[in-house]
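Take the sequence shown: its letter number 74 is residue 73 in numbering that gives the first Met the number 0, and every next letter is one higher.
All remarks here apply to the structure that follows.
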Amino acid sequence: MAALDIHVFLCRKDNIGVLVHAEDGTTASIDAPDAASITAALDEKGWSLSHILVTHHHGDHTAGNLELKQKTGCRIIGPRAEAARIPGIDVEVDDGDSFTLGGHPVDVIGTPGHTMGHITYFLPNDRAAFVGDTLFVMGCGRVLEGNHEMMWHSLSRIASLPGDTRIYCGHEYTVSNARFGLSIEPENALLRHRLEEAEQSLAQGRLTVPSRLDEELQTNVFLRPHNIGTRRRLGLGAVADWRVFGELRERKNKA
Ligand SMILES: [Zn+2]
Numbered sequence: 000m001a002a003l004d005i006h007v008f009l010c011r012k013d014n015i016g017v018l019v020h021a022e023d024g025t026t027a028s029i030d031a032p033d034a035a036s037i038t039a040a041l042d043e044k045g046w047s048l049s050h051i052l053v054t055h056h057h058g059d060h061t062a063g064n065l066e067l068k069q070k071t072g073c074r075i076i077g078p079r080a081e082a083a084r085i086p087g088i089d090v091e092v093d094d095g096d097s098f099t100l101g102g103h104p105v106d107v108i109g110t111p112g113h114t115m116g117h118i119t120y121f122l123p124n125d126r127a128a129f130v131g132d133t134l135f136v137m138g139c140g141r142v143l144e145g146n147h148e149m150m151w152h153s154l155s156r157i158a159s160l161p162g163d164t165r166i167y168c169g170h171e172y173t174v175s176n177a178r179f180g181l182s183i184e185p186e187n188a189l190l191r192h193r194l195e196e197a198e199q200s201l202a203q204g205r206l207t208v209p210s211r212l213d214e215e216l217q218t219n220v221f222l223r224p225h226n227i228g229t230r231r232r233l234g235l236g237a238v239a240d241w242r243v244f245g246e247l248r249e250r251k252n253k254a
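Written out as structure tokens, the structure is:
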């Protein structure tokens, strides 16, 4: 089976728009931050929208749902636990569910924390994960509805996917995340290198999404609470990983 064609573009201020196109013409938008930008991207590619895959209920991920559905007749798939807050939802899915998109298997992974019903879509054959506002490039989402332990568990599930998985997240926050990361792991040369790369990409008008999971595991401090240097810097000893994660998240909130 041919590889999916995945197109990434900026929506709103810093939301990431993603279109996933299969060889049979099936085209899904991952979330729908804004109908106009997504329509423009579809026109540019010559693709017709057939699905929207919603990761969570926030307005900057669902604002375009109804207009796109009315224009294209697309089917909207989203998390069952947040169905009442997702405009136009047709199909409700939950942790452990699987379906196919243009013949490509999609696994639904429950990743609560940012919101209580947040889900991630993992395409095992394509090594792509659409993680919404759970994991960001060198960062992670704010823990708005759940708690630190829950969010850490969700991040751990994403972290256990194959290392060559490409991570498509919901926002372009990479530079700010990497700068925070360097304040925690100043000795991490790869992290420093990735910050420089990200600054260059943005200066040239390119987005930093997607990233590869194996690179995240080496440079994303939120996935590295076991790191001895981090624990020392935070003044934390042999506590559970999720407690270190929680302290990092609190510090980033205030950074
Ligand atoms: Zn959100």
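Here a beta-carbon is modelled for each residue, glycine too, at the ideal position from N, C-alpha and C.
What you are looking at is a predicted structure, and each value in this text was computed from that prediction instead of being measured.
Using a Cβ-based criterion (distance less than 6 Å to any ligand heavy atom), does His57 qualify as near ligand 1?
Counted from its first residue, the sequence shown places residue 57 at position 58. Under cutoff, so the answer is yes.
To the nearest angstrom, how far is it from the Cα of Gly72 to the Cα of Ile227?
Along the sequence shown, one-based indexing puts residue 72 at 73. Along the sequence shown, one-based indexing puts residue 227 at 228. In a straight line, the C-alpha of Gly72 is about 52 Å away from that of Ile227.
Please state the DSSP three-state secondary structure of Ala31.
The count along the sequence shown starts at 1 and reaches residue 31 at position 32. If DSSP states are grouped into helix, strand and coil, Ala31 belongs with coil.
Starting from the C-beta of Thr38, find all residues in its chain whose C-beta is less than 8 Å away, skip the five residues before and the five after it, and write them out in chain order.
By one-based count along the sequence shown, residue 38 stands at place 39. So the list reads Leu67, Lys70, once near-sequence residues are dropped.
Could you check if Pro32 is buried or exposed, using at least 16 other CB atoms within 10 Å of its CB as the buried criterion?
By 1-based counting over the sequence shown, the position of residue 32 is 33. Pro32 is buried by the Cβ-count criterion.
Assess contact between the region 105-125 and the region 216-234, defined as three or more Cβ pairs (one per stretch) separated by less than 8 Å. Is contact present?
no
First and last residue of the alpha helix (DSSP H) that includes Asp213?
Position 214 of the sequence shown, counted from the start, is the residue given in the question as residue 213. 212-218 is the extent of the alpha helix (DSSP H) around Asp213.
In the DSSP assignment, the alpha helix (DSSP H) including Phe244 goes from what residue to what residue?
Taking the first residue of the sequence shown as 1, we reach residue 244 at position 245. Where Phe244 is concerned, the enclosing alpha helix (DSSP H) stretches over 240-253.
Any C-beta of chain B sitting closer than 7 Å to the C-beta of Leu67?
Given the protein chain composition of this structure (a single chain), no chain B is represented.
Does the beta-carbon distance from Met150 to Thr218 come in below 7 Å?
By 1-based counting over the sequence shown, the position of residue 150 is 151. By 1-based counting over the sequence shown, the position of residue 218 is 219. Taking the C-beta atoms as reference points, Thr218 is found no nearer than 7 Å to Met150.
With DSSP as the reference, label His152 as helix, strand or coil.
Taking the sequence shown and counting its residues from 1, one reaches residue 152 at position 153. Helix.
When the Cβ atoms of the region 40-58 are set against those of the region 13-25, are three or more pairs found closer than 8 Å?
yes
Does the count of Cβ pairs from the region 146-162 and the region 182-195 closer than 8 Å reach three?
no
Pick helix, strand or coil for Asp59, following the three-state DSSP scheme.
For the purposes of this step, residue 59 is identified with residue 60 of the sequence shown, where counting begins at 1. Correct three-state label for Asp59: helix.
Given that a residue counts as buried once 16 or more other Cβ atoms are within 10 Å of its Cβ, and exposed if not, what is Val92?
Taking the sequence shown and counting its residues from 1, one reaches residue 92 at position 93. Buried.
Which partner residues of Ser97 appear in the DSSP bridge assignment?
As a first step, residue 97 is located in the sequence shown; it is residue number 98 there, counting from the start. In the DSSP output, where bridge partners are listed per residue, Ser97 has Asp106.
In angstroms with no decimal places, state the Cα-to-Cα distance between Asn64 and Gly87.
As a first step, residue 64 must be located in the sequence shown, where it is residue number 65. As a first step, residue 87 must be located in the sequence shown, where it is residue number 88. Those two C-alpha atoms are separated by around 7 Å.
Check each candidate in Ile29, Tyr172, Lys12, His6 and name the one with the smallest Cα separation from Glu43.
In the sequence shown, the residue the question calls residue 43 occupies position 44. Among Ile29, Tyr172, Lys12, His6, the Cα nearest to that of Glu43 is on His6.
Enumerate in chain order the residues of its own chain whose CB-to-CB distance from Phe244 is below 8 Å, with the five nearest sequence positions on each side excluded.
For the purposes of this step, residue 244 is taken as residue 245 along the sequence shown, with counting starting at 1. Cβ neighbours of Phe244 beyond the five flanking positions: His147, Met150, Trp151, Leu154, Phe221, Pro224.
Fully enclosed by the region 145-206, which alpha helix (DSSP H) runs are 4 residues long or longer?
147-158, 173-183, 188-202
Determine the direct distance from the alpha carbon of Ser28 to that of Leu189, and round the result to whole angstroms.
In the sequence shown, the residue the question calls residue 189 occupies position 190. In the sequence shown, the residue the question calls residue 28 occupies position 29. Taking the CA atoms as reference points, Leu189 sits about 32 Å from Ser28.
Select from Lys251, Glu198, Lys253, Cys139 the residue whose C-alpha is nearest the C-alpha of Leu216.
Along the sequence shown, read from residue 1 onward, the residue named residue 216 stands at position 217. The shortest C-alpha separation from Leu216 is found at Cys139.
Count the other CB atoms within 10 Å of the CB of Asp23; is the residue buried (16 or more) or exposed (fewer)?
Numbered from 1 along the sequence shown, position 24 holds the residue referred to as residue 23. Around the CB of Asp23, fewer than 16 other CB atoms lie within 10 Å, so the residue is classed as exposed.
For Ala83, list the residues DSSP reports as bridge partners.
Within the sequence shown, the letter at position 84 stands for residue 83. The partner list for Ala83 (beta bridge, DSSP) is empty, contrary to what the question assumes.
Quick check: is any heavy atom of ligand 1 less than 6 Å from the C-beta of Asp213?
Mapped onto the sequence shown, residue 213 falls at position 214. No - ligand 1 has no heavy atom lying nearer than 6 Å to the Cβ of Asp213.
Report the residue from Gly58, Leu160, Thr25 whose alpha carbon sits nearest the alpha carbon of Gly102.
Here residue 102 corresponds to residue number 103 of the sequence shown, with the count starting at 1. Of Gly58, Leu160, Thr25, the residue nearest in Cα terms is Thr25.
For the alpha helix (DSSP H) containing Arg74, name the first residue and the last one.
Within the sequence shown, the letter at position 75 stands for residue 74. Taken as a continuous stretch (DSSP letters only), Arg74 belongs to no alpha helix (DSSP H), being part of the beta strand (DSSP E) at 74-78.
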